[in-house]
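**Student:** Sharing a structure below in structure tokens format, with a few things to ask.
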Amino acid sequence: MTKMYVIQGGRIYTEDGVIQNGHLIVKDGRIHQIKHFPYQGPLDVIDASDQHILPGFIDIHIHGGYGHDVMDASVEGFAALSKGLLSEGTTSYLATTMTQSEEAIHTALKAVTTYAEQAKTTPDKPAAEILGVHLEGPFISEHKVGAQNPAFVQRPSVQQVKEFQQSANGMIKIMTYAPEVEGAQETLKALSNEIIFSIGHTVATYEQANEAVDNGAKHVTHLYNAATAFAHREPGVFGAAWTNPFLHTELIVDGIHAHPAAVDVAYRMKGNHAFYLITDAMRAKGLQDGEYDLGGQNVIVKGKEARLASGALAGSILKMNDGLRNLLKYTNASLEDLWRVTSYNQAKALNILSHKGSLTEGKDADIVILNDNIDVLTTIKSGYVVNNIDNK
Ligand SMILES: [Zn+2]
Ligand SMILES: [Zn+2]
């Protein structure tokens, strides 16, 4: 159990607006109180004057970082990745798998559950929490593999998804899939109450994407990457994403996966309630340039880019706070409008808004404190305070 303390001053972003120069009391790992006036009393104080206090980031699409990858299926690897993520303000995430052999995916899913169980018994070691799994492939289109390995692309079936879900102990929350392939419709209809179906790595038409939504699909995976582009006579998946109000979308905002203007268009079309900032990061995040691997494929990391030898983008090395900084710049929107795309929307989609996704009394004390440059100064996970000296 953590002791009771106060975060004082700054700007506290809540569902009801921004509180300036108020205070937030953390007790027993939860947000105990939020008040509109400065604190005076005996508790220890974290001075957040001139800083921004947001809910901890929730990354619903991340393959790895800090030297580790979900497909390594290493319990120690998950521990190190989860600890590393606190440095960018991420307090929870969906471990995201890649298109690999069935056996490799089952092994990774089992490792996620083993780690998640183990993490529950060590709450005193602060680390980002795995909320579940995003299964990216193998049920995608061989025509839009991106950095996924085409050799392992498969057609979906209810039985097979259930088998993956069994290995994951029910933790699969999102599944990227191509709605146009054989078996996709039946699988969607049978399982869309249990798993969020996310349209991606697909050559679906505008009509097929909208039909998928009618049948229960809810998200678009990394908008602008690995799906049918917008054209004025063939609006494609991206046209459907822009115009269908029931379709929410992920976006990698690193300035490389999509042009800043395209990001701005997406924000104008979807607004702040139907948009998820993701990193889609791979293991080289937080490390130096060099050669790495992503789901068994060789990747060259240089500057801010990670590419296969073919030149195809191979995930990103984006951090959540950097994505948020870029998004503020590309859209000219305010942090008051944008904080939701890093936490609230994700918590709502994952049906965990009762305890995460906003700074509200009674919710988990998963908090990030940022300066004006959107550097992470402090991350708080279940009440445990982790100062990020590197970014100060
Ligand atoms: Zn992808
Ligand atoms: Zn991905």
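As numbered in the UniProt record's numbering, residues 1 to 392 make up the sequence shown, in order.
Cβ coordinates follow ideal geometry from the N, Cα and C atoms, glycine included.
Quick check on the burial criterion: 16 or more other C-beta atoms within 10 angstroms. Buried or exposed for Glu15?
**Tutor:** Here residue 15 is taken as the residue at index 15 of the sequence shown, counted from 1. Classification of Glu15: exposed, given that the 10 Å Cβ count is below 16.
**Student:** Would you check if the segment 63 to 79 and the segment 276 to 293 touch, i.e. whether three or more CB-CB distances between them fall below 8 angstroms?
**Tutor:** yes
**Student:** Look at the alpha carbon of Ala78 and the alpha carbon of Leu247, and state the distance between them as a whole number of angstroms.
**Tutor:** Counting from 1 along the sequence shown, the entry for residue 78 is found at position 78. Counting from 1 along the sequence shown, the entry for residue 247 is found at position 247. In the sequence on display, residue 78 carries Phe and not Ala. Cα to Cα, the separation comes out at about 31 angstroms.
**Student:** Cutting at 6 angstroms between CB atoms, please list the residues of its own chain near Gly216, excluding the five before and the five after it.
**Tutor:** As a working note, residue 216 is residue 216 in the sequence shown. So the qualifying residues of the chain are Leu188 and Ser192.
**Student:** Examine the Cβ distances between the segment 307 to 315 and the segment 325 to 341 and report whether three or more of them are shorter than 8 angstroms.
**Tutor:** no
**Student:** Collect the residues with a C-beta less than 7 angstroms away from any heavy atom of ligand 2 and give them in sequence order along the chain.
**Tutor:** Answer in sequence order: His61, His63, Thr96, Glu136, His222, Asp280 and Gly315.
**Student:** Are the beta-carbon atoms belonging to Thr90 and Glu136 less than 7 angstroms from one another?
**Tutor:** Residue 90 sits at position 90 when you count from the first residue of the sequence shown. Residue 136 sits at position 136 when you count from the first residue of the sequence shown. Not a contact, by the Cβ cut-off of 7 angstroms.
**Student:** Applying the 10 Å Cβ sphere with the 16-neighbour rule, what's the burial state of Lys392?
**Tutor:** For this step, residue 392 is matched to residue 392 along the sequence shown. Below a pLDDT of 50, predicted positions are generally treated as unreliable, and Lys392, at 44, falls in that range; the measurement from the model is reported next regardless. Answer is exposed; the Cβ neighbour count stays below 16.
**Student:** To test your reading of the DSSP string, which unbroken beta strand (DSSP E) runs of 3 or more residues are found completely within the segment 265 to 316?
**Tutor:** 275 to 278, 290 to 294, 297 to 302 and 305 to 308
**Student:** Can you tell me the Cβ-Cβ gap for Ile34 and Ile12, rounded? I've got them flagged as a contact below 8 angstroms.
**Tutor:** To locate residue 34, count along the sequence shown from 1; it is residue 34. To locate residue 12, count along the sequence shown from 1; it is residue 12. Between Ile12 and Ile34 the Cβ distance is about 6 angstroms, and since that is below 8 angstroms, they are a contact.
**Student:** State the Cα-Cα distance for the pair Gly170 and Pro126, rounded to the nearest angstrom.
**Tutor:** For the purposes of this step, residue 170 is taken as the residue at position 170 of the sequence shown. For the purposes of this step, residue 126 is taken as the residue at position 126 of the sequence shown. In a straight line, the C-alpha of Gly170 is about 24 angstroms away from that of Pro126.
**Student:** Less than 6 angstroms between the CB of Gly146 and some heavy atom of ligand 1, yes or no?
**Tutor:** One-based indexing of the sequence shown puts residue 146 at position 146. Answer for Gly146: yes, Cβ within range of ligand 1.
**Student:** To the nearest angstrom, report how far apart Leu24 and Ile7 are at their CA atoms.
**Tutor:** Looking up residue 24 in the sequence shown gives position 24. Looking up residue 7 in the sequence shown gives position 7. In a straight line, the C-alpha of Leu24 is about 5 angstroms away from that of Ile7.
**Student:** For Asp364, count neighbouring Cβ atoms within 10 angstroms of its own Cβ and tell me buried if that reaches 16, exposed if not.
**Tutor:** Taking the sequence shown and counting its residues from 1, one reaches residue 364 at position 364. Looking at its Cβ environment, which holds 16 or more other Cβ atoms inside 10 Å, Asp364 is buried.
**Student:** Please classify Thr243 as buried or exposed, where buried requires at least 16 other C-beta atoms within 10 Å of its C-beta.
**Tutor:** Position 243 of the sequence shown, counted from the start, is the residue given in the question as residue 243. Exposed is the call here.
**Student:** Would a C-beta distance cut-off of 7 angstroms place Gly255 and Pro55 closer than the cut-off?
**Tutor:** The residue labelled residue 255 in the question sits at position 255 within the sequence shown. The residue labelled residue 55 in the question sits at position 55 within the sequence shown. If you check the CB distance, Gly255 and Pro55 do not come in under 7 angstroms.
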